[in-house]
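*Asks:* Residue numbers (our numbering): 55 to 365. No residue lacks a Cβ here, since even glycine has one placed at the ideal position from N, Cα and C.
(1) Start and end of the beta strand (DSSP E) containing residue 178?
(2) Is it buried or exposed for residue 288, if we count other Cβ within 10 angstroms and need 16 for buried?
(3) If you follow the alpha helix (DSSP H) that residue 162 is in, where does it begin and where does it stop?
(4) Using the rule of at least 16 other Cβ atoms within 10 Å of the residue's Cβ for burial, across every protein chain shown, is residue 89 buried or exposed?
(5) I need the boundaries of the alpha helix (DSSP H) containing residue 85, first residue and last residue.
(6) Using 8 Å as the cut-off, can you tell me whether the stretch 278 to 286 makes contact with the stretch 178 to 198, which would need three or more C-beta pairs spanning the two stretches below that distance?
(7) Indicate the three-state DSSP secondary structure (helix, strand or coil) for residue 293 in the structure shown.
(8) Under the rule that 16 or more other beta-carbon atoms within 10 Å means buried, what is residue 77, buried or exposed?
(9) What does the Cβ neighbour count give for residue 272, buried or exposed, with the cut at 16 atoms within 10 Å?
(10) So is residue 294 buried or exposed if we call it buried at 16+ other beta carbons inside 10 Å?
(11) Using a Cβ distance threshold of 8 Å, determine whether the stretch 229 to 240 contacts the stretch 315 to 333, with at least three qualifying pairs required.
(12) Closest to residue 98 by C-alpha separation, out of 60, 364, 127 and 67, would be which residue?
(13) Going by C-alpha distance, which of 344, 362 and 351 is nearest residue 178?
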């Protein structure tokens, strides 16, 4: 729609922080793009950007206007999705922000199942944590977020939650593999491979270790589940994950992610269960495709984890 084109230009410049970079992305000249911005600023009666030596930055008026633009695009996508549903063909594009834990197993399976029924729906997934996921909901860069951390922002609506106990993953022949549950004191002297500080798993684990005054030997930190899993095959060590990422718990076979490794839950007295939040922007009516996919995520979790899901 032509009247949305100029609004898109403003949004791209705001994201890039540079008229030149935005012009390259939009395949127009910097001069033409700058002229369009000046025309819009003249119509509004206020400048939208601060011109800086290294680029541009939204001022207060610009932040208000860009949020309006993104709401317009989101509302248009919702209407287009509803119109497409009238024809009996579900169309749309679903944007998801998620931590690595849900990206590894839950989302690939759920998306594939959804697309088997609705192949015209496409997806965009970004790996991020906590505050960044909440920010993406507010900026309308994500329709749905899966966050394994406390929710901090008032603009986030939690559609459902899933309680998850942290598990300790280790080689099948490790001395702790015979235990039904792992106590934090058992980790003393062990080599640990930990997720990075922004991970909800790491935050819960750090709190428990500090409270129990357990000294650990942290040899590696990574935000890659695959790296941590594979590293255990080369150097005996331990790492930590939640059940949806490793196949432990629920109705599926325990620890089916790698037959050479086993996962044992950390005792809840040492580290209480964390919460996976399935969220969207408060007050926003999601496009049909995103709303139905959100329902599918919740249904999938409820089928596997039953009483651990709250809605």
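*Replies:* Once the coordinates are examined:
(1) Taking the chain shown and counting its residues from 1, the one referred to as residue 178 is at position 124. Per DSSP, residue 178 belongs to the beta strand (DSSP E) from 175 to 181.
(2) If you number the chain shown from 1, residue 288 lands on position 234. Label assigned to residue 288: exposed.
(3) As a working mapping, residue 162 is identified with position 108 in the chain shown. Residues 160 to 171.
(4) Residue mapping note: residue 89 aligns to position 35 of the chain shown, counting from 1. Exposed: under 16 other Cβ atoms inside 10 Å.
(5) Numbered from 1 along the chain shown, position 31 holds the residue referred to as residue 85. Segment 84 to 98, the alpha helix (DSSP H) holding residue 85.
(6) no
(7) In the chain shown, the residue the question calls residue 293 occupies position 239. Looking at residue 293 - three-state DSSP - the assignment turns out to be strand.
(8) Here residue 77 corresponds to residue number 23 of the chain shown, with the count starting at 1. Residue 77 should be labelled buried.
(9) In the chain shown, residue 272 corresponds to position 218, counting from 1. Looking at its Cβ environment, which holds fewer than 16 other Cβ atoms inside 10 Å, residue 272 is exposed.
(10) Position 240 of the chain shown, counted from the first residue, corresponds to residue 294. That one is buried.
(11) yes
(12) As a first step, residue 98 must be located in the chain shown, where it is residue number 44. Per the Cα distances, 60.
(13) Reading the chain shown from its first residue, position 124 is the one you call residue 178. Minimum Cα distance to residue 178 is reached at 344.
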